[in-house]
Amino acid sequence: MRIVFYSASTSAHSNSSTKTTYQPFRADTWDEMDRLYPDCEFVVAGPLNGSYIFDVADGEICKKPEKVKYVLLESGMSAEDTAELIAQQRPDIAVAIASGAVPFDWVPIKTALIAEELQKRGIATIANNTLVSVAAFDKWRSNIMFRSFVKAAKGIYIHHELFLAEKKNPGVSVNVYKEYVFYRIKEINFPVIVKDTLGAGSIGVEIMNSYEEVESFLNSDRNNSDIMVEELIQGEQFGTEIHGVEGRYSVLPPIAFSVTKEGITDPLSSVKFGPVTDPSYHFEKVQEELLNMAQSLKFEGTVQVDLVYRAGEWYIIEINPRWSGMTTTTAAMEGRNPLSIFVDSILGTDKNYSMKRNLKYALNFKMKARSQEDLIRLYGNPHVDYIMQLETSVAGMEKINYCEVVISTDQEKEDIMNILNELEEEFPGLVSDDVKANTGELVAKYQ
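In numbering that gives the first Met the number 0, the protein residues as written are 0 to 446.
#1: With DSSP run on the structure shown, which of helix, strand or coil describes Tyr210?
#2: What are the boundary residues of the beta strand (DSSP E) that includes Thr196?
#3: Would you list the one or two residues that DSSP bridges to Val42?
#4: Between the Cα of Leu429 and the Cα atoms of Leu374, Asp38 and Thr326, which residue gives the shortest distance?
#5: Can you grab the Cα-Cα spacing for the pair Asp57 / Gly246, in whole Å?
#6: How should Tyr36 be labelled, buried or exposed, when 16 other C-beta atoms within 10 angstroms of its C-beta is the threshold for buried?
#7: Under 7 Å between the Cβ atoms of Phe4 and Lys62?
#8: Counting Cβ pairs, one atom from each stretch, are 3 or more of them under 8 Å apart for the region 243-258 and the region 295-307?
#9: Does DSSP put Gly439 in a helix, a strand or coil?
#10: Residues in the same chain with beta-carbon distance under 7 Å from Lys454, minus the five sequence neighbours each way, listed in chain order, please.
#11: Please work out which residues of its chain come closer than 8 Å, Cβ to Cβ, to Phe216, disregarding the five sequence neighbours upstream and downstream, and give them in chain order.
#12: Can you list, in chain order, the residues of its chain with a C-beta nearer than 8 Å to that of Thr326? Leave out the 5 residues immediately preceding and following it.
#13: Which same chain residues, not among the five before or five after Asp414, have their C-beta less than 6 Å away from its C-beta?
#14: Give a yes or no on whether the C-beta atoms belonging to Asp91 and Met0 are separated by under 7 Å.
#15: Of the choices Val175, Ile155 and Gly154, whose alpha-carbon is the least far from that of Leu163?
#16: For the alpha helix (DSSP H) holding Ile449, just list the boundary residues, first then last.
#17: Are Pro320 and Ala152 closer than 7 Å when you measure CB to CB?
#18: Should the region 98-118 be regarded as contacting the region 65-82, the criterion being three or more beta carbon pairs within less than 8 Å?
#19: Hey, how far is the Cα of Gln236 from the Cα of Asn363?
#20: Rounded to a whole number of angstroms, what is the C-alpha to C-alpha distance between Glu59 and Asp220?
#21: Excluding five sequence neighbours on each side, which residues of the same chain lie with their C-beta closer than 6 Å to the C-beta of Ala97?
#22: Roughly how many angstroms lie between the CA atoms of Tyr280 and Gly154, to the nearest whole one?
#23: Does DSSP put Glu59 in a helix, a strand or coil?
#24: Measuring only the C-alpha atoms, how far is Val43 from Thr124?
#25: Given a cut-off of 7 Å on the beta-carbon distance, is the pair Ser74 and Gly45 in contact?
#26: At what residues does the beta strand (DSSP E) containing His158 begin and finish?
#27: If Cys402 sits next to Ala368, beta carbons under 8 Å apart, how far is it from one beta carbon to the other, in whole angstroms?
#28: Based on the DSSP output, what are the partners of Val405 in its beta bridges?
#29: Grab the span of the beta strand (DSSP E) containing Arg183 for me, first residue to last.
#30: Please return the same chain residues whose Cβ sits closer than 6 Å to the Cβ of Asp433, not counting the five positions on each side in sequence.
#31: Alpha carbon to alpha carbon, what distance is there between Ser77 and Leu346?
#32: Tell me which same chain residues have a C-beta within less than 6 Å of the C-beta of Met292, skipping the five on either side of it?
#33: Using only alpha-carbon positions, find the residue among Gly170, His159, Glu229 and Asn142 that is nearest to Lys185.
#34: Quick one: residues in its chain with C-beta nearer than 8 Å to the C-beta of Arg309, no 5 flanking neighbours on either side, listed in chain order?
#35: If I follow the unbroken alpha helix (DSSP H) through Ile345, where does it start and stop?
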């Protein structure tokens, strides 16, 4: 079987301000796939700034696999042109690897459009469809979509032009829409999150603690786009991923996120630990609801889900229909190459990763960026599964510079702390005090 993995970029230019380093090297990961699936032939197609699929340094691919073919695509190509080049590789099936992007997280829409073009050419695909990708991109559409399957935060969407209708339409003396908006906001429990409906991640997100604060914001010049006001669900924060295709889904048990004293996830000190399978959380009900969502919306490949547990209730916060910051962690839990998530979706697997018995304990933590030599040495530890180092400078945002490490064990959960201590002995200063404290807290708290 000939399988083409493809990525896409929504930028017309290669981003030389971003450097991503992987261990294992992506080239080695692709060669491992060639060994794992001897009956499959792999081709990898994407732009240099497609992320996740190539080893890139100084604007070019710095390491290539021995057995897997690379096809370099121009940045910013149309879906039609991309599909035509992929079709020239004569795949039996094409698999999308969608990545995150800022300021708009819309790469999954592009990979979905490419999939539609491939399907017109009679080529089977593994890719989340445009309905799912567009809905996940727009936070209010997401909120509406969630409510059909899992409990979601109470909120309201505010159409900017309608909210200011009386200012642009002399015939409007009373703005009924504005009255409706304020009426609904009074019914929401505070604090609330006020956010742009389209920004990626936490861009443009503000927490407000009173109705008066929201009212003042909406009536000010700072209110300059469509937004949503949503109840801030304060509780225990988790994430999970849904892997597979229709008829072959695994909804993994949740991974716990550490939070600061303010109840937020700090990007540099937060750790992720799982799986959490304590029966008192009754996650099996959420697994059923998420499975129903996956089947109804026809998820394909991998979809990441953010969740909050509060007072005996699970709330869905966000979904990302793409390769996420959790994908290597869930793959480590599963004990498989992250790219196997997609190939096993095609070929089938005898393991159901929804079940604890098929999973290992895994931890995801961050540290300061290190030298390439240090990363190679660190990956030499048998418990270190994946390393990703990101060094980037995005216009209008603070410089991002960190290294993410994923470790795992098939022993008891306490072994995670032993591995951290081992790494600290070998690499002094590698593991921060915050990471150690947060890990210790999660390991002690969650079964």
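Every residue, glycine too, gets a C-beta built ideally from N, C-alpha and C.
Keep in mind that this is a model prediction, so the values were computed, not measured.
Looking at the coordinates:
#1: What you label residue 210 is simply residue 211 of the sequence shown in a count that begins at 1. Reduced to three states, the DSSP call for Tyr210 is helix.
#2: By one-based count along the sequence shown, residue 196 stands at place 197. No beta strand (DSSP E) contains Thr196, which DSSP labels as neither H nor E.
#3: Position 43 of the sequence shown, counting from 1, holds the residue named residue 42. DSSP lists Val3 and Lys68 as the bridge partner or partners of Val42.
#4: Position 430 of the sequence shown, counted from the first residue, corresponds to residue 429. Of the candidates Leu374, Asp38 and Thr326, the one whose C-alpha sits nearest the C-alpha of Leu429 is Leu374.
#5: By 1-based counting over the sequence shown, the position of residue 57 is 58. By 1-based counting over the sequence shown, the position of residue 246 is 247. Each residue's Cα considered, the two are about 43 Å apart.
#6: Here the question's residue 36 lines up with position 37 in the sequence shown. The residue in question, Tyr36, is buried, as its Cβ has 16 or more Cβ neighbours within 10 Å.
#7: On the sequence shown, position 5 is the one that residue 4 refers to. On the sequence shown, position 63 is the one that residue 62 refers to. No, the pair does not count as a contact, with Cβ atoms beyond the cut-off.
#8: Result yes; three or more Cβ-Cβ pairs closer than 8 Å.
#9: In the sequence shown, residue 439 corresponds to position 440, counting from 1. When DSSP states are grouped into helix, strand and coil, Gly439 belongs to the helix group.
#10: Nothing can be reported for residue 454: it is not among the residues displayed for the chain, which extend from 0 to 446.
#11: Looking up residue 216 in the sequence shown gives position 217. Answer for Phe216: Val193, Glu205, Met207 and Asn222, listed in chain order.
#12: Here residue 326 refers to the residue found at position 327 of the sequence shown. So the list reads Glu240, Thr301, Gln303, Pro337 and Ile340, once near-sequence residues are dropped.
#13: As a first step, residue 414 must be located in the sequence shown, where it is residue number 415. Taking Asp414 as the centre and dropping the five residues before and after it, the same chain places the C-beta of Thr408 closer than 6 Å to its C-beta, in chain order.
#14: Working through the sequence shown from its first residue, we reach residue 91 at position 92. Working through the sequence shown from its first residue, we reach residue 0 at position 1. Result yes, Cβ atoms of Asp91 and Met0 sit closer than 7 Å.
#15: Walking along the sequence shown from the start, residue 163 turns up at place 164. The shortest CA-to-CA distance from Leu163 to any of Val175, Ile155 and Gly154 is the one to Val175.
#16: No information on residue 449 is available, as it lies outside the stretch 0 to 446 that the chain covers here.
#17: Locating residue 320 in the sequence shown gives position 321, where the first residue counts as 1. Locating residue 152 in the sequence shown gives position 153, where the first residue counts as 1. Taking 7 Å as the cut-off, the Cβ atoms of Pro320 and Ala152 do not count as close.
#18: Enough Cβ pairs lie closer than 8 Å, so yes.
#19: Taking the first residue of the sequence shown as 1, we reach residue 236 at position 237. Taking the first residue of the sequence shown as 1, we reach residue 363 at position 364. Each residue's CA atom was taken as its position, placing Gln236 and Asn363 some 15 Å apart.
#20: If you number the sequence shown from 1, residue 59 lands on position 60. If you number the sequence shown from 1, residue 220 lands on position 221. So the two alpha carbons sit approximately 44 Å from each other.
#21: Start at 1 with the first residue of the sequence shown, and residue 97 comes out as number 98. Within the same chain, Cβ atoms closer than 6 Å to the Cβ of Ala97 are found at Val106, Pro107, Thr110 and Arg321, the five residues on either side in sequence being excluded.
#22: For this step, residue 280 is matched to residue 281 along the sequence shown. For this step, residue 154 is matched to residue 155 along the sequence shown. Roughly 25 Å separates the two Cα atoms.
#23: Residue numbering aside, residue 59 sits at position 60 when the sequence shown is read from its first letter. In the three-state reduction of the DSSP assignment, Glu59 falls in the strand class, which pools E and B.
#24: The residue labelled residue 43 in the question sits at position 44 within the sequence shown. The residue labelled residue 124 in the question sits at position 125 within the sequence shown. Approximately 14 Å, taken between the alpha carbons.
#25: Here the question's residue 74 lines up with position 75 in the sequence shown. Here the question's residue 45 lines up with position 46 in the sequence shown. No; because the gap between Cβ atoms is not below 7 Å, this pair is not in contact.
#26: The residue given as residue 158 occupies position 159 in the sequence shown. Neither: His158 is in no beta strand (DSSP E) and is coded neither H nor E.
#27: Looking up residue 402 in the sequence shown gives position 403. Looking up residue 368 in the sequence shown gives position 369. So it is a contact: roughly 5 Å between Cβ atoms.
#28: As a working note, residue 405 is residue 406 in the sequence shown. Note: Val405 sits in a beta bridge opposite Asn363 and Tyr385.
#29: Here residue 183 refers to the residue found at position 184 of the sequence shown. Careful: Arg183 lies outside any beta strand (DSSP E), inside the alpha helix (DSSP H) at Val175 to Lys185.
#30: Here the question's residue 433 lines up with position 434 in the sequence shown. Counting only Cβ-Cβ distances below 6 Å, and skipping sequence neighbours, we find Ser268.
#31: Within the sequence shown, numbered from 1, the residue matching residue 346 stands at position 347. Within the sequence shown, numbered from 1, the residue matching residue 77 stands at position 78. In this structure, the CA atom of Leu346 is about 30 Å from the CA atom of Ser77.
#32: In the sequence shown, the residue the question calls residue 292 occupies position 293. Hits under 6 Å: Phe148.
#33: Taking the first residue of the sequence shown as position 1, residue 185 is located at position 186. Of the candidates Gly170, His159, Glu229 and Asn142, the one whose C-alpha sits nearest the C-alpha of Lys185 is Glu229.
#34: Your numbering for residue 309 matches position 310 in the sequence shown. Cβ neighbours of Arg309 beyond the five flanking positions: Ile232, Gln233, Gly234 and Glu235.
#35: Sequence index remark: in the sequence shown, residue 345 carries index 346 (1-based). Ser339 to Leu346 is the extent of the alpha helix (DSSP H) around Ile345.
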